[in-house]
Amino acid sequence: MKPLVRIAFFAVVALSITAGCADVKPWERGTLAKPEMALEPHPGLRAQRDHVYASREAATAGATAAGGGCGCN
Amino acid sequence: MKNRNREIACGMRRRAARRKRSLQALGAAALLLPGMLTNAAQAAEVEETELRYTHYDEGGQLSWVGVEGLIPRRDPITVDGVAASVKLALADRWKLAFGLLQETWSGATAIITVPRSYVAVETRMTAASAWPSSNGTNDQRLINITTTASPETRRQGNFTLTHEGEGFSYDIGGSLSNERDYKSRSLTAAGRWDFDQRRTTLSASVTHGLSSIDALLPVAMMMGYAEYAWGGGLPNSAYRMYYPGTGNDGVAYVDASGRPHFGGQRRDTSTSVGITRVLSASTLLAGSLSWSHAGGFLNDPYKLVFIGATEIPENRPNQRNQWTVSGHIAHYLYNPGAALHLDYRASHDDWGITAHALEGSLGWAVGRGWSLTPSVRYYSQTAANFYRPWFPVDDYTQYPAASHWSGDQRLGGYGALTAELTIDRRFTNGLVLELSVEHTLRGGYLKLGGGGLDDFANSSSTQYSLALRTDPHSLGGLASGAGMSAGHAMHGPGSHAGHAAMPAGLMYTHLMPKGSWMVDYHLTDQESSGGLRHGGQIAADAEVLADCTTPAPGTGIPGCIYLPSSMSMRMHMLDIMYAPTARLTLMLMPQLMQMDMRMRDVTAEGGSFEGLSNGMNMPMDMHRMDSGGLGDTTLAALYRLWQRGASELHAGLGLSLPTGATDLRMSDIHSVYQTMFAYLTGDLRDYSMQLGSGTWDLIPSITWTGAADRFGYGAQAVGTLRTGAPNASGYRLGNQLQASLWASYRMLPQLSGTLRVTHSRIGAINGYLRGVNPGRYSQLWDFDNNIIMPANSGATNGHTRYSPLDMPGNYGGRFNDVALGLNLDVGQRGSQLRLEWSRPVADDVNGYQLDRGDTVNLAWRMGLDASAGAMRHDMVMDDDADSAGEAPAMPLGAAPLDRSAAEWFADSAAALTRSLSGLQDRSDGPAAWSASSADSAGRPALPAVSEWEPSRADAGTESSWIAGLAPIRAGSADHRYQDPFVPAFVNSGAHGQLSLGGSSNGSGIEGGAALMQSGDRLVLAYAARFVHAGDYQDGSGASVSATSVSRREQTLAAATLLGGGVLSAGVGWLGTPGQGAPNQLLDRTGGANWSATLGYALPLSWGAFRAVAFHDVAREDWGLLTDKQALDWNLPTRDRRGSSSGYRVEWEVAAAPDQSLRIGQEYRRLAQDDRLGPVAGSDLYGPDANTILNGAREQHIALYADWSGVLDANWTGSAGVRFEQVLANTGLVHWYFPFSIDEKAYDAAVLNNLDRHRGENHWDGRFALRYAPVDTWSLEAGVARTVRSPTLIQRYAWVTEFATTGTLTGGYGDGNAYLGDIDLEPEATHTIRAVLDWHDPDAHAWSLRIAPFASLVANFIGIDPNAVQVYAESQPNPGRSAQRWFNHDARIYGGELAASRSLDTATGRWTLAGSISASRGEDLTSGSRLAGLVPLRATLRLEHSAGGWRGWVDWRRTAAMPQIDTSLGAVPTTALQVLVPASDVLDIAGHYAWRAFELEAGIDNLFDRRYGLATQGVDLVRYNFDPAHLGPVNGPGRSAHLALRWNF
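Residue numbers (my numbering), protein chains in the order written: chain A, 184 to 256; chain B, 6 to 1549.
Laid out in structure tokens, this is it:
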């Protein structure tokens, strides 16, 4: 657990440091609005991939919202 | 208005919630599709829709499967799924999204892992006590036990309701998933808050899920549970698990039918918080922290753990807490215009699993609506602290009672590496076609920090996903119908005024306007239930059961215990249409099938059943069976024959490819115990549950349509003709004919009604389902009586009959339908929805069949790009700078792309023979014949003696290579990739070449033709060549037997401009009717190679993109040509089949004008079968074939980076690195007589019992520099490392005790047998080369070149001198030996000295050129010399040229060389003692060019000297005619040749 706490701590610190440097006006967001800049450009595909990962990897086992696949297969 | 909304929304929810049948829900989804609601209710708008098909394939894991109980094999898992989702914008900031998903899978992961010695014990107990375990009895390496799981289907629905406010939004959602043994439901609440002008977003969510697991266990597995519970001294928790109600987590019980169940409930709660932050105008950062808790029954009920000699269910803790932290950064790179995403997440749980996942992707909008997203993901996890793959004997008694255990590999330590490429094409109407391919490798070897699972857990998977979705980013969205000014370009049939409505249930009904693309999604759902029908009447159960007792071939012992009570058949089909002309429409139709059968047990009504001995399909719940997966795929073309006014007649022809499985089986018994009986289980499932026809089918059709005012009408006949032999499962479906008449009436401008009557005739099934173990062996072993039963010897080997569905006579008949339908035209985009309900009337069926029910057909048609005009529109919409240019003018200074057509043209034939199928890829013995090194008569060279030729140092292979070292991007040491064909598009019309030549020695004749048509948009090229020659004579006038040759080749290629790049396609054919092989026992007697390539090259402002895909198929027949027939060798024939497919994608970044970096990814898969056929009348060579390689395959996955560039005025350099993973495996092999108990069977069993999977990771590298300070000299030097894996033959050739078969697989061409070694290591060559070139400034008058090289070869693949066995008595060729490949270290060095001098005189130009090359190889382990290297060769050429004339004299001298590794000198074998004496040969020739004509004439070997070919092995034919003549294959004596060529 400890390394995770460390990572989480650094993540929070990093986010708070960067908080000051974001001076992006709404009209400067053309780039951010591009489809490929979406945090998940292919949500349907992502859901499918996560479903596979969830049935193959121990780390994503909590994702029951996707339903099914008790891992029997 | 509001009320109306609520009505619609509520209706929607009710419909979705009811979810009585997914069809209804799908129908509802479809009704919400684009534009549908815009007329009905302006407020609700469709924001996004998606339809997705996914195919997932997983394999590569070594398993032991019931049906193949004696021997291990791999059982792949496949999953086919379709998903549809819709997002609606309701009024007042409310949004509703819902989705449906249905997936069907077959195959299963291992249920248990056991030590191999245990499996070996089982083997001995059953099949052949004479077969010892190959690894002794204490082999603790693990092997997986798995089952043949028959397909099952999961269905899932989910919704999300969102309320959006100013700066916040709230979601509530739910999902429901249903499969036979797992039901799950969950609720989610989430919120999102924006701050700081939306620069920061916080989010949080909570999900709660409840799942219930109810697994139906195989009886045999229950025995394991029981035994464990009753065995005494047991941990309490397992005891609790066995007894119903006593455990707090799991419950086991026996249902009313006596079948055991195991399961329980689990609850999952997870919560997460996240933050997203805009860092700059081009950078986003996101992070999240989440916690999840799982409680209850967390086991996988099917997983067992091996304890000593028994098995127990796994026992996981009933609580789990997992923490996950993640970070994601997205950054936009303005050059090249792509979004870079990096995502990292780490998690840890209280089971002790720590996992890391790192993913990077690059979303790159290429322009013109195309975008590419390559991505790479790495994942690694540590093992759960209770993970134990197995326990040694009796260990469990010491295991603490409170502890937990699981052998599930997913809880072990391993890593995974995934590469993915997603391609999006945005069309003008806001639709996006998305294709994604993903490949994942998993295994302990990939775990971070090492220490992962052993090889038994390695696996790999590939996923393909094809989706059609609306683009939320497209202007205005889809539903608003805003703009889409390109809409007028769409000529969907709906908006096409002249077109009347077509019923949804019919195919092949209409042609499309020229240049249009269209996608039509069809859903067909047929539900049948009720009684059984016989002819036109309903039949009583007793009558059906009486019919079941009719004996029939192939259906086993008569009797039925089940009758079908209902069946549903659902077919999803995508019809992708394109009209290249107004008269022709092309169609591609992939299908996804889903079947669901319910049966009732009729034992009480007098049903009887007698299975095959113990062969009950115990784990199969036959009351309810699912089936599904990819069905057959149809390619079709429609052509208009006649048209007048609104009437037209068109004909179609389709070809249905057998892509649907016809070998689906019932589940077999899961138990380790039961492997001994398992050969009796896992019967093929009945005809109606198979997914395809298994045959290539022709689908002719003819259609007449007409229209008048609001009416439309038409008539159609469609046939389905099954061609060829019965499919691999033993049967062939009946032919079909369907005749339809219909009429339509347009009620409203957008709405039409249809009425259709259809009469169908379906023929009966020919043949019958095979029994168990089909195909693999032609006999079955009867363990009770210890005899082998001949194939199909009556009922015992037949297919077990469970129900009338297993009887082929109960299929087909005459069917009549009446159908009513509605068609709705949607919007201006050619969208059309069609719904049709069809009802059977007056069916007359063959035999006894379930009464056919109603059918619902739903179709949704969408027009895509209609024409080039639409393309333009797309380009304007796309704001990418580099795509806004004018029509594709080639190439933007991207010189590296521009390969001249002539260059390709010259290479094409050679490339064809070089890359075909992998049989030629690598020198697998005699197949290494290569036309690329043809001798002067066009005669292909003899097979290479050694894998390691001097050319392997890549000497002089291409002039552009620095220091003669192949750049990394040229491919691996095993395979050279071809770049895509990129001709210059110059409108130069047709030109070509015709040539004809002949040679006197051997009466050779050779001809060729080449034709190229060049245009400014299209280039077509065709080349053909033939060679025919008889045996030649050597210098002493003696005929050299088996040197005749006959070959033909053809290549066709085309290239066109597409999307700013060049798309090319090529197909090649090489036929070899006959080709002698003097140094082999067999000759090539037939066979052909086919190859197809597809390439795309796209110049970009910052470099280039290239992609190549290829598929080659080869067949080689080996037998005896006339010369060897005279020897009366009673040899078997050899049949080799291979295929090779692969692709390469490469990005080239031209960092500076004279520098380029190329990054690429490659994949190649090689498959080979190699069999020796039976010899008629031979006791030894028969009755079956002898399999040398059976399904042997190799998979290569590589990544590389290669840089080359100019450093400064004097220095040029290049460097590259390449990683390649090679995975090899082979299937089960057997000797001629599969069940013989002798040393050959033993050899086969040794290989069969091994884990035959092998894999290596290769690192190649290269670094080279050229220094050219002045224009009179240059110095090049470089180092390279190249690694190659052993060939499949070197790994897997398996017969150790018999020389002839080993000899037939080739080797050094010396008549000896070469045996494989599965544990061969890859060969790694480290080479250093230098080239000093000194010449006059023009490089014409004189030059001097010195090129030394030295290579150190680690694990050189040579011959093991200690494993040589000599066969003094064997015929043919006494004194032959059997040798085994092995690894030694070796050193090879040598060099070349070359010089030339030219003089221009009044009589023309005179040139004198000479060279001396030397090479020597040493085996560092044994200290002996390596074979196959020419020690010393000198050449001298005097040439004269003037005007069109060129004449020359060539002299070459080769020093004497030993034929074979001198380390074998001590071995008393005769065939190895051949020494090739020194030789001198002089050739003279002249060439004259006049206008378009060229003439070449000459005499080779002018002085008719007799000489031996240095590297071509032993002349076996001559040796067998006369054992006193043991020597090399002699080269041709004097031969005059003449050739004429016409260039036009």
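For glycine and all other residues, C-beta sits at the position ideal for the given N, C-alpha and C.
query: Buried versus exposed, by CB contacts within 10 Å (16 or more), Leu1212/B; result: exposed
query: Partners in chain A for Tyr61/B, counting only beta-carbon separations shorter than 8 Å; result: Val235
query: Residue interval of the alpha helix (DSSP H) (run including Gln1295/B); result: 1293-1297
query: The segment 1142-1149 of chain B in contact with the segment 1115-1134 of chain B per 3-pair CB rule at 8 Å; result: yes
query: Tyr337/B versus Asp984/B - alpha carbon distance; result: 30 Å
query: Arg629/B versus Ser571/B - alpha carbon distance; result: 10 Å
query: Alpha carbon of Ser293/B to alpha carbon of Gln1226/B, nearest angstrom; result: 35 Å
query: Per-residue DSSP class, three states only, for Glu1326/B; result: coil
query: Test: Arg229/A CB closer than 8 Å to a CB of chain B; result: no
query: 8 Å Cβ cutoff, Ile358/B in contact with chain A; result: yes
query: Exposure label - Gly1071/B; buried when at least 16 CB within 10 Å; result: buried
query: Secondary structure of Pro663/B, DSSP reduced to three states; result: coil
query: One or two residues paired with Lys100/B in a DSSP bridge; result: Ala94/B, Thr167/B
query: Where Leu1531/B sits in the DSSP three-state scheme; result: coil
query: Beta-carbon gap between Val1113/B and Pro1083/B smaller than 8 Å; result: no
query: CA-to-CA distance, Arg1523/B to Ala1490/B, given in whole angstroms; result: 31 Å
query: C-beta atoms of Ala1015/B and Gly997/B nearer than 8 Å; result: yes
query: Extent of the continuous beta strand (DSSP E) to which Leu303/B belongs; result: No beta strand (DSSP E) holds Leu303/B; DSSP gives it neither H nor E.
query: Three or more C-beta pairs below 8 Å linking the segment 1015-1025 of chain B and the segment 1053-1063 of chain B; result: yes
query: Inter-residue spacing [alpha-carbon to alpha-carbon] between Gln596/B and Gly636/B; result: 5 Å
query: Three-state secondary structure assigned by DSSP to Asp848/B; result: coil
query: Contact belief for Val1154/B with Gly1108/B at Cβ below 8 Å, rounded distance in angstroms; result: 5 Å
query: At least three beta-carbon pairs within less than 8 Å, the segment 709-717 of chain B to the segment 732-744 of chain B; result: no
query: His1340/B vs Thr1277/B beta-carbon contact at 8 Å; result: yes
query: Three or more C-beta pairs below 8 Å linking the segment 52-63 of chain B and the segment 460-479 of chain B; result: yes
query: Exposure of Tyr339/B, with buried meaning 16 or more beta-carbon neighbours within 10 Å; result: exposed
query: As assigned by DSSP and simplified to three states, the class of Gln1384/B; result: strand
query: Residue(s) in a DSSP beta bridge with Met598/B; result: Met576/B, Gly634/B
query: Residues that Tyr567/B bridges to, as DSSP identifies them; result: Asp606/B
query: Ser277/B to Val211/B span [Cα, whole Å]; result: 7 Å
query: Beta-carbon spacing of Glu439/B, Leu228/A below 8 Å; result: yes
query: Touch test, the segment 85-103 of chain B against the segment 442-450 of chain B, Cβ-Cβ under 8 Å, three pairs minimum; result: no
query: Contacting residues, own chain, Cβ-Cβ under 6 Å from Ala1102/B (five flanking each side not counted); result: Leu902, Pro985, Val987, Gly1066, Val1067, Arg1111
query: The segment 810-821 of chain B / the segment 750-758 of chain B touching (three or more Cβ pairs under 8 Å); result: no
query: Cutoff 8 Å: Gln386/B Cβ touching any chain A Cβ; result: yes
query: Any chain A beta carbon closer than 8 Å to Val1534/B; result: no
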